[in-house]
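Here our numbering = 1-based position in the sequence shown + 23.
Even glycine gets a Cβ: it sits at the ideal position worked out from N, Cα and C.
Nothing here was measured: the structure is a model prediction, and the numbers come from that model.
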Amino acid sequence: NSNWNNAAGITTLQDYPGSTPLTGITIRSCTFNNVQHGVYFIGATYSLVDSCTFTNSWRGVSIQTGKTGSGNPWRSTHHNTVKDCTFTNMRENNGCEGEA
């Protein structure tokens with residue numbers, strides 16, 4: 024079991040705008056329980072989440088473009104795949120409904 028206070032089980036985030044893009048990440052057959060985000064792709068490309076289980080969490084897989092502190096996008100997130108995963112008992116967090 025994970026601790027709900029952990030923001031994410033697995034997070035991708037480059038250190039700074041000029042850093043090398045994260046690409047080709049594979050997350051397979053993992054179990055995420057009681058976390059806010061199971062997998063959080065920020066600025067990742069051509070990556071895969073396959074055959075994972077997400078339970079009692081707020082969001083199973085979150086995917087977003089990387090942004091600077093001022094909110095300007097600097098690393099696009101694209102061509103990522105989530106397949107054959109199971110999402111059960113997704114939870115509300117501060118009034119926001121849980122989702123896959």
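Distance between Val-58 and Ile-65 (C-alpha atoms, nearest Å)
17 Å
Looking only at C-alpha atoms, which of Met-113, Gly-61, Thr-111 sits nearest to His-51?
Looking at the sequence shown, residue 51 is not His but Arg. Looking at the Cα atoms, Gly-61 is the closest of the given residues.
Rounded to whole angstroms, what is the Cα-Cα separation between Gly-94 and Arg-82?
22 Å
Taking just the CA atoms, how far does Leu-71 sit from Asn-103?
6 Å
Verify whether the separation of the beta carbon atoms of Cys-47 and Tyr-69 is less than 8 Å.
The identity of residue 47 in the sequence shown is Gly, whereas the question assumes Cys. Yes, Cβ-Cβ distance for Gly-47 and Tyr-69 is below 8 Å.
Selected residue, minimal CA-CA separation from Thr-111, among Ser-99, Phe-77, Lys-90:
Phe-77
Should Asn-56 and Ser-80 be called a contact, given that it needs their Cβ atoms to be closer than 8 Å?
yes
Identify every run of the alpha helix (DSSP H) within the stretch 41-102, keeping only runs that are complete inside it and at least 4 residues long; order them along the chain.
none
Based on DSSP bridge pairs, tell me the residues matched to Cys-119.
Asn-116
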